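Some notes on the structure that comes next.
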Amino acid sequence: MFNGSSHKELMSDCDKLHSVSVNLNENKIVGGMGKTFFLDCVRLIEFEAAYNQIEGSIDPCIGNLTMLEWLDLRGNRLSGSLPNQLGKLKNLTWISLGKNNLSGEIPPELGQLALLKVLDLSHNFLTGSIPASLTNAGNLETILLDHNRLYGEIPPSFSLLSHLTVLDLSFNDLSGSIPRLQHQTNCSSFRGNRLLQECLFSAVPPGGPRGPSKFQKGRNSEPLIIAAITSAFVLLCMVAVVVIICRFRRKKVRRLGALEEKVVVTFADAPNELNYDNVVSATGNFSTRNLIGMGGFGSTYKAELVPGYHVAVKKLYIGRFQGVQQFDAEIRTLGRIRHKNLVTLIGYYVGENEMFLIYNYLSGGNLETFIHDKSGKNEQWSVIYNITVDIAQALAYLHYSCVPRIVHRDIKPSNILLDENLNAFLSDFGLARLLEVSETHATTDVAGTFGYVAPEYATTCRVSDKADVYSFGVVMLELLSGKKSLDPSFSEYGNGFNIVEWTKLLVKEGRPSAVFSAQLWETGPRENLLGMLRLAYACTAETLSVRPSMKQVLEKLKQLKN
Numbered sequence: 001m002f003n004g005s006s007h008k009e010l011m012s013d014c015d016k017l018h019s020v021s022v023n024l025n026e027n028k029i030v031g032g033m034g035k036t037f038f039l040d041c042v043r044l045i046e047f048e049a050a051y052n053q054i055e056g057s058i059d060p061c062i063g064n065l066t067m068l069e070w071l072d073l074r075g076n077r078l079s080g081s082l083p084n085q086l087g088k089l090k091n092l093t094w095i096s097l098g099k100n101n102l103s104g105e106i107p108p109e110l111g112q113l114a115l116l117k118v119l120d121l122s123h124n125f126l127t128g129s130i131p132a133s134l135t136n137a138g139n140l141e142t143i144l145l146d147h148n149r150l151y152g153e154i155p156p157s158f159s160l161l162s163h164l165t166v167l168d169l170s171f172n173d174l175s176g177s178i179p180r181l182q183h184q185t186n187c188s189s190f191r192g193n194r195l196l197q198e199c200l201f202s203a204v205p206p207g208g209p210r211g212p213s214k215f216q217k218g219r220n221s222e223p224l225i226i227a228a229i230t231s232a233f234v235l236l237c238m239v240a241v242v243v244i245i246c247r248f249r250r251k252k253v254r255r256l257g258a259l260e261e262k263v264v265v266t267f268a269d270a271p272n273e274l275n276y277d278n279v280v281s282a283t284g285n286f287s288t289r290n291l292i293g294m295g296g297f298g299s300t301y302k303a304e305l306v307p308g309y310h311v312a313v314k315k316l317y318i319g320r321f322q323g324v325q326q327f328d329a330e331i332r333t334l335g336r337i338r339h340k341n342l343v344t345l346i347g348y349y350v351g352e353n354e355m356f357l358i359y360n361y362l363s364g365g366n367l368e369t370f371i372h373d374k375s376g377k378n379e380q381w382s383v384i385y386n387i388t389v390d391i392a393q394a395l396a397y398l399h400y401s402c403v404p405r406i407v408h409r410d411i412k413p414s415n416i417l418l419d420e421n422l423n424a425f426l427s428d429f430g431l432a433r434l435l436e437v438s439e440t441h442a443t444t445d446v447a448g449t450f451g452y453v454a455p456e457y458a459t460t461c462r463v464s465d466k467a468d469v470y471s472f473g474v475v476m477l478e479l480l481s482g483k484k485s486l487d488p489s490f491s492e493y494g495n496g497f498n499i500v501e502w503t504k505l506l507v508k509e510g511r512p513s514a515v516f517s518a519q520l521w522e523t524g525p526r527e528n529l530l531g532m533l534r535l536a537y538a539c540t541a542e543t544l545s546v547r548p549s550m551k552q553v554l555e556k557l558k559q560l561k562n
């Protein structure tokens with residue numbers, strides 16, 4: 001922790017470096033961001049200094065950071081307006097300036113950022129209208145503008161943003177109609193805008209916040225309204241006492257309504273309306289005959305909701321997740337996440353004595369079974385390569401496209417599911433974060449499985465995305481070798497010997513080919529196999545700085561294909 005340090009001190013020699021990636025999140029860094037910082041650090045690629053005490057305005061000289069790809073200054077004390085020069089940062093893929101004191105209008109120049117995927121300006125004091133030019137940033141996947149003072153209409157052109165999957169415009173002063181988006185979002189994304197047309201395309205989940213009020217009309221009828229108010233005054237006085245008495249009772253009912261009604265909240269389309277009874281009934285009342293998996297967070301059951309439509313229901317271990325309201329808020333965030341290589345969260349139920357999550361069902365089993373299957377498919381380069389890329393894409397999305405970014409913390413073959421075509425899907429993402437917000441568990445608890453946990457995470461409990469990279473590397477080694485992370489065959493080397501140490505030993509002895517299963521090495525292509533081994537070796541390096549990021553892993557994998 002850099003307690004009381006200024007970022008100027010920490011970045012004083014950055015002009016001497018060829019390229020700079022900086023992560024100073026969650027320290028106690030103080031001070032402002034003057035011109036010198038932006039003039040000296042022109043080779044900055046990634047700058048993360050979220051949740052510190054950085055204050056002052058963002059200088060227009062930020063436009064000099066033309067190499068910048070990632071800017072995360074959430075949760076500071078930044079003030080003033082957003083400089084138009086942000087539009088010069090053509091390589092930006094991520095801007096996160098939420099939870100500051102920024103004011104003024106959103107610069108239309110942000111629409112010039114063709115590579116931008118995430119724009120987070122939430123929880124500020126921004127005014128003016130939402131610039132229609134944002135539509136020109138056609139790669140946008142996430143737009144968070146909630147809790148500001150924006151007014152005017154939502155640009156109809158937002159319907160053209162084909163990649164937009166997360167949009168939150170709640171708690172502003174927006175008016176007019178809600179455009180039809182290409183990826184359906186939830187009505188809760190528009191609540192708190194009293195002049196906005198009523199949201200009709202998706203229902204606010206039961207127990208959630210109140211929907212927006214109806215569009216106000218007839219401003220020229222003020223005299224009639226005044227007369228009506230006067231005549232109703234006596235009646236209002238009579239019911240005032242009743243309202244006060246019922247006030248706290250209603251609050252309690254709203255908080256517990258979903259629990260009492262046993263409501264299942266849904267995020268994705270289902271063949272019929274889900275409720276507690278029909279989901280539990282479809283699992284055979286969580287019968288062992290429908291049990292398809294057990295893990296650290298809960299047991300998973302196969303359920304047929306209607307003929308031919310199956311889901312996977314994960315019944316969580318209630319003792320691990322305490323604090324219903326916190327759980328509810330976190331799981332709603334996870335419900336917005338969509339990616340082609342992530343298992344889809346269809347819905348959830350949370351009660352005082354029971355909680356479960358509903359996912360889409362995948363018929364191909366999990367990667368653990370696949371690796372140790374002797375059918376031959378697990379020894380084909382093309383199949384192994386495609387599975388590896390699928391997992392890498394899912395992790396890169398969690399690390400670089402989610403707000404806030406998600407570190408999985410429990411990457412292992414049993415958490416990677418396959419469909420009938422052997423496409424891979426990552427499951428259990430975000431569950432470690434759910435455990436973290438539990439009222440009865442400290443954030444220093446290590447989530448993960450022995451044999452896959454990065455050494456620095458196991459010893460210090462400090463987690464980063466590089467911990468996921470390590471676990472991913474272990475899974476790669478399992479795919480290449482056909483062995484388990486703690487394979488019984490390693491016992492000849494001593495107690496606790498794992499697949500990472502075994503691989504390093506063989507490489508050190510000049511026998512890298514011995515890592516691969518015999519059939520895989522025989523069929524090749526050997527140069528590609530060795531390239532993947534080198535990548536897995538780098539991912540499982542003990543030193544964090546040596547490990548690549550998931551973005552770099554994906555780049556290397558693409559090079560291997562060519």
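For reference, each letter of the sequence shown is one residue, going 1 to 562 in the UniProt record's numbering. C-beta: ideal position from N, C-alpha, C; glycine also. All values derive from a computational prediction rather than experimental measurement.
As DSSP reads the structure, residue 359 sits in a beta bridge with 312, 345. DSSP lists 30 as the bridge partner or partners of residue 53.
Residue 547 is positioned such that its CB atom lies no closer than 8 Å to that of residue 463. C-alpha of residue 510 to C-alpha of residue 488: approximately 23 Å in a straight line. Counting along the chain, residue 77 sits inside no alpha helix (DSSP H); it lies in the beta strand (DSSP E) bounded by residues 77-81. Collapsing the DSSP output to three states places residue 177 in coil.
Here residue 266 is bridged, per DSSP, to 347.
CA-CA distance, residue 385 to residue 428, rounds to 22 Å. Secondary structure of residue 401 (DSSP, three-state): coil. DSSP links residue 299 through a beta bridge to 294, 315. Around the beta carbon of residue 165, a 10 Å sphere encloses 16 or more other beta carbons of the protein chains shown; the residue is thus reported as buried.
Just so you know, the alpha carbons of residue 116 and residue 506 end up roughly 43 Å apart. Per DSSP, reduced to three states, the secondary structure at residue 411 is coil, with no helix or strand assignment. A straight-line Cα-Cα distance of about 14 Å links residue 521 and residue 383. Distances from the CA of residue 537 to each of 558, 486, 469 were compared; the closest alpha carbon is that of 469. Of the other Cβ atoms in all chains shown, fewer than 16 fall within 10 Å of the Cβ of residue 545; this residue is therefore exposed.
Per the DSSP secondary-structure output, residue 521 pairs with nothing in a beta bridge. Out of 525, 262, 140, the CA that lies nearest to the CA of residue 159 is found in 140.
Put simply, the backbone Cα of residue 371 is about 20 Å away from that of residue 512.
Here residue 111 carries a helix assignment [DSSP, helix/strand/coil]. The beta carbons of residue 334 and residue 430 sit closer together than 8 Å. In the DSSP assignment, residue 472 falls within the unbroken alpha helix (DSSP H) covering 465-481.
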